[in-house]
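Enquirer:
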Amino acid sequence: MLSVNQVRKEYGPAGPGRVVALAEVTLDIRGGEFVAVMGPSGSGKSTLLSILGAMNPPTSGTVTIDGIDVYELSQERQADLRREYIGFVFQQLELLPYLTAVENVMLPLAILKMPDKRGKALRALEQLGLDTKKADRLPSELSGGEQGRVAIARAIVNDPPIILADEPTGSLDTENGQLVLELLRQLAAAGHAVVMVTHNPESRLLADRVIEIRDGRCGGVSCL
Amino acid sequence: MAGFGLNTIAVAHLGRHKGKSILIILGLATAVAAFVAVMSLVLSLQTTLDSRLARYGASLTVVPQNPELSLQYGGITVATAGSAQTLLLDPAVVSSVEGIQSKEFLAAVLPVALRAVNISGADYLAMGTDIASSARVKPWWRVEGALPSRPDEVLLGLNARNKLRAEPGTSLTVGGMPFVVSGVLQETGGEEDNTIMMDRAALAQATGTGDQLNMIEVAVTDSGAVDQVVREIQAAVPGADVRSVKQSLEFNAQAGSSLADIGLGATVLIVLIATLIVVLTMLAAVRERQREIGVFRALGFRARDVVSLMFRESLLLSAVAAVVGVALGVLGAAYGPKIVPSLDLDLAVSIPILVGGAALAIVLAVVATVYPAFLATRLDPAIALRKL
Chain A
115 MLSVNQVRKE
125 YGPAGPGRVV
135 ALAEVTLDIR
145 GGEFVAVMGP
155 SGSGKSTLLS
165 ILGAMNPPTS
175 GTVTIDGIDV
185 YELSQERQAD
195 LRREYIGFVF
205 QQLELLPYLT
215 AVENVMLPLA
225 ILKMPDKRGK
235 ALRALEQLGL
245 DTKKADRLPS
255 ELSGGEQGRV
265 AIARAIVNDP
275 PIILADEPTG
285 SLDTENGQLV
295 LELLRQLAAA
305 GHAVVMVTHN
315 PESRLLADRV
325 IEIRDGRCGG
335 VSCL
Chain B
784 MAGFGLNTIA
794 VAHLGRHKGK
804 SILIILGLAT
814 AVAAFVAVMS
824 LVLSLQTTLD
834 SRLARYGASL
844 TVVPQNPELS
854 LQYGGITVAT
864 AGSAQTLLLD
874 PAVVSSVEGI
884 QSKEFLAAVL
894 PVALRAVNIS
904 GADYLAMGTD
914 IASSARVKPW
924 WRVEGALPSR
934 PDEVLLGLNA
944 RNKLRAEPGT
954 SLTVGGMPFV
964 VSGVLQETGG
974 EEDNTIMMDR
984 AALAQATGTG
994 DQLNMIEVAV
1004 TDSGAVDQVV
1014 REIQAAVPGA
1024 DVRSVKQSLE
1034 FNAQAGSSLA
1044 DIGLGATVLI
1054 VLIATLIVVL
1064 TMLAAVRERQ
1074 REIGVFRALG
1084 FRARDVVSLM
1094 FRESLLLSAV
1104 AAVVGVALGV
1114 LGAAYGPKIV
1124 PSLDLDLAVS
1134 IPILVGGAAL
1144 AIVLAVVATV
1154 YPAFLATRLD
1164 PAIALRKL
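So the sequences go chain by chain: A and B. For the first sequence, the working numbering gives the first residue as 115, with consecutive numbering after it. For the second sequence, the working numbering gives the first residue as 784, with consecutive numbering after it.
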């Protein structure tokens, strides 16, 4: 499903000031797998997630999704690939405050010509247990847990095989954080490949695999 | 909601950021309003000149030189009632005018005597002339009642009628002689509006001032021959000024044109400032929306989708600004010239100006969006994943 081969990412000008964010990382993630990426701040977790998400070309190495070499594609095709293959759940959830819950869920469908986008978005919300009576409320009118459900519904509305989550529990209280983790666990059980960057120790218990990143390298035994 | 797309997002975004939207609309609308108002003013000046030329025909006035006093008609000043009357033309001038080489271009030569008369304690300007001939060369005259057919009948200009509160059939006493109002001239916009018109001999008799003339009105059959006729009359009557109504109107229009030039300069300045406001506001919006744009990109929006969204928002704002700006511009064109009452413009608003104003709003919005949109395409989509 998702293969990372010898990926290296460097930032900054050449010379001693150059920062190595990732060094020769190799890993494979299969459909139905729930992977937690853990490590201290600045270890390269988010860099890895952005590279997996077709948003940050590596300095060297390759990333393939379903056999497609992501960074060989044009930027336009990379955007298409993100829309078709990847659902994102952001740390701050990043719901647009001027759109209702259901409109936020419809965002990945906005540029597609397809019938019944709202129906599809409502089904996604329903699947995540949000009372559809609240579908037309603005995010500010929803609780933290409800906002988390909306953010995950937005990630799965077009049924992508890969879900990338960037510290999705970071902005939530313990109870809602637990709920979001459980929802992601369920998505993995439903066949999605779920990769989650997290500091949350609970994740260790729920994840199928934990990848430890330290100084840009896989520190755990399960990197491959 | 199958139609959820970029338009829905654009409308929702603008609705949420009303303050910024209003600022951009105001900026654009101000530019449009200035454009429409000034262009309409320029058009009004031209239309007014044309209509007045048409109204006055290609006519000339032959007048004494250096008029200075208070009651005026056609540039002639007449002394107030009771004071000495100066600035007269010799009646022999009439035959000199009629005898010019290009006399075939003369439609009418109308000697005019202007006198100040006192009626019921108020001063009025009385004009003694051949009213029937005058009416023939001024086909725009509309008379309520009838033209005078007898020497004891008068025709009132509209303002004179209002001041006298007279109607057709009302009796007046001028210099002790009884007259009857035969008709009232509807508003001409010219100086006839202020006068009491009557037979020249009757005016001379009523005022006891003799048959001396203050001016001669000359109607010319061909506007192309005006300059030639002016030159020949000037040569035939060296002691008089020969004024072309066209020249006089053009002079007035020149003053108005200077105003229009200033207005055009101000419009260019306003358009530049408005563009700057819109560009800065849009740039600020892009900076504020970096994270949001990153989310769009992460969710699969292509760079051109983000650009399309930004242009949709600009076009929506410019459409509102076009309507507001055109409405304000028309109001400005209608009421602005009233600040300078002497301009007395006929309002002229043309569809091309209104369409041009609306197009200006759209062009400005598009131009102002190009650079911010370019910046948006350069944004790294991974910005959505960065920590705040």
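Built from N, CA and C at the ideal position, the CB exists for glycine as well. Predicted model only: the values in this text are computed from it and were never measured.
On the criterion of 16 or more Cβ atoms from any shown chain inside 10 Å, does SER157/A qualify as buried, or is it exposed?
Expert: Looking at its Cβ environment, which holds 16 or more other Cβ atoms inside 10 Å, SER157/A is buried.
Enquirer: Quick one, which of SER1097/B, ALA1165/B and TYR1118/B has its alpha-carbon nearest ALA1148/B's?
Expert: ALA1148/B has its Cα closest to that of SER1097/B, out of SER1097/B, ALA1165/B and TYR1118/B.
Enquirer: Is the Cβ of ARG1070/B closer than 8 angstroms to any Cβ of chain A?
Expert: ARG1070/B does not count as touching chain A.
Enquirer: What does the alpha-carbon distance come out to for the pair GLY1108/B and LEU213/A?
Expert: Roughly 30 angstroms separates the two Cα atoms.
Enquirer: Please list the terminal residues of the continuous beta strand (DSSP E) segment that includes ALA117/A.
Expert: For clarity, residue 117/A is Ser in the given sequence; the question names Ala instead. Counting along the chain, the beta strand (DSSP E) containing SER117/A begins and ends at 116-125.
Enquirer: Alpha carbon to alpha carbon, how far is THR912/B from ALA1131/B?
Expert: When rounded, the distance between both Cα atoms is 35 angstroms.
Enquirer: Residue ranges of each beta strand (DSSP E) run of no fewer than 3 residues wholly in the segment 899-937 of chain B, ordered along the chain?
Expert: For the segment 899-937 of chain B, whole beta strand (DSSP E) runs of length 3 or above, ordered along the chain, are 905-911 and 926-928.
Enquirer: Considering only their Cβ atoms, is the gap separating ALA193/A from ARG1085/B smaller than 8 angstroms?
Expert: Closer than 8 angstroms, so yes.
Enquirer: I'd like to know if VAL1078/B contacts chain A, where contact means its C-beta is closer than 8 angstroms to some C-beta of that chain.
Expert: Taking Cβ atoms only, chain A reaches closer than 8 angstroms to VAL1078/B, which makes this a yes.
Enquirer: Would you say ILE792/B reaches chain A, if we count a Cβ-Cβ gap shorter than 8 angstroms as a contact?
Expert: Cβ-Cβ to chain A under 8 angstroms: yes for ILE792/B.
Enquirer: Could you give the DSSP three-state label for THR863/B: helix, strand or coil?
Expert: With a pLDDT of 43 at THR863/B, under the threshold of 50, the predicted position of this residue should be treated as unreliable, though the coordinate-derived value follows. The answer is coil: DSSP assigns THR863/B none of H, G, I, E or B.
Enquirer: Nearest-angstrom Cα distance between ALA909/B and ALA943/B?
Expert: Cα-Cα distance, rounded: 10 angstroms.
Enquirer: Within a Cβ cutoff of 8 angstroms, which residues of the same chain sit near ILE914/B, ignoring the five residues on either side of it in sequence?
Expert: LEU930, PRO931, LEU938, MET980, MET981 and ASP982.
Enquirer: At a Cβ threshold of 8 angstroms, is ASN290/A touching chain B?
Expert: It does not; no Cβ of chain B falls within 8 angstroms.
Enquirer: Taking just the CA atoms, how far does SER257/A sit from LYS247/A?
Expert: Cα to Cα, the separation comes out at about 14 angstroms.
Enquirer: Below 8 angstroms on the Cβ atoms is my contact criterion, and I expect ARG197/A with PRO222/A to pass it. Report the Cβ-Cβ distance as a whole number of Å.
Expert: With a Cβ gap of about 6 angstroms, ARG197/A and PRO222/A count as contacting.
Enquirer: Helix, strand or coil: which one does DSSP assign to ALA949/B?
Expert: DSSP places ALA949/B in coil when its eight states are reduced to three.
Enquirer: I'd like to know if ARG1161/B contacts chain A, where contact means its C-beta is closer than 8 angstroms to some C-beta of that chain.
Expert: With 8 angstroms as the cut-off, ARG1161/B does not count as an interface residue toward chain A.
Enquirer: May I ask you to report which of helix, strand or coil DSSP gives GLY858/B?
Expert: Low confidence applies to GLY858/B: its pLDDT is 49, below 50, so where it sits in the model is not reliable enough to give any reading.
Enquirer: Classify THR978/B as helix, strand or coil using the three-state DSSP reduction.
Expert: In the structure shown, THR978/B sits in a strand (DSSP, three-state: E or B).
Enquirer: Using a Cβ-Cβ cutoff of less than 6 angstroms, which residues in the same chain neighbour ASP142/A once the five nearest sequence positions on both sides are dropped?
Expert: Closer than 6 angstroms at Cβ, skipping near neighbours: SER117.
Enquirer: Strictly below 9 angstroms CB to CB, what residues from chain B border LYS248/A?
Expert: Near LYS248/A there are no residues of chain B at all, since even the closest Cβ is about 16 angstroms away, more than 9 angstroms.
Enquirer: Out of curiosity, what's the CA-to-CA distance linking GLN995/B and PHE818/B?
Expert: Those two C-alpha atoms are separated by around 52 angstroms.
Enquirer: Is there at least one non-hydrogen atom of the ligand MN closer than 7 angstroms to the beta-carbon of ASN945/B?
Expert: Of ligands this structure carries none, so the ligand MN is not represented either.
Enquirer: Give the interface partners of ASP194/A over in chain B, defined as CB-CB distance under 9 angstroms, in chain order.
Expert: Under the 9 angstroms cutoff, chain B gives GLY1083 and ARG1085.
Enquirer: Rounded to whole angstroms, what's the CA-CA distance from VAL815/B to VAL957/B? Just pull it up for me.
Expert: One C-alpha to the other measures close to 56 angstroms.
Enquirer: Give the secondary structure of ARG251/A by DSSP, where H, G and I count as helix, E and B as strand, and everything else as coil.
Expert: Note: ARG251/A maps to coil in three-state DSSP.
Enquirer: Please name the residue, chosen from ASP906/B, GLY810/B, ARG925/B and SER879/B, that lies closest to ILE1210/B on a Cα-to-Cα basis.
Expert: What is shown of chain B runs 784 to 1171, which leaves residue 1210/B out entirely.
Enquirer: For ALA224/A, which residues in chain B fall below 7 angstroms Cβ to Cβ?
Expert: Within 7 angstroms Cβ-Cβ: PHE787, GLY788, LEU789 and ILE792.
Enquirer: Note the first and the last residue of the continuous beta strand (DSSP E) segment covering THR283/A.
Expert: Unbroken run through THR283/A: none, as it is neither H nor E.
Enquirer: Between which two residues does the beta strand (DSSP E) containing MET960/B stretch?
Expert: Residues 960-968.
Enquirer: Taking only beta-carbon positions, decide if GLY802/B is within less than 8 angstroms of chain A.
Expert: No, no contact with chain A.
Enquirer: What number of angstroms, rounded off, separates the C-alpha of ALA137/A from the C-alpha of LYS234/A?
Expert: Computed Cα separation, rounded: 41 angstroms.
Enquirer: Anything in chain A within Cβ reach of ARG774/B, meaning under 8 angstroms, just list it in chain order.
Expert: Beyond the ends of chain B as shown, which are 784 and 1171, falls residue 774/B; an answer cannot be given.
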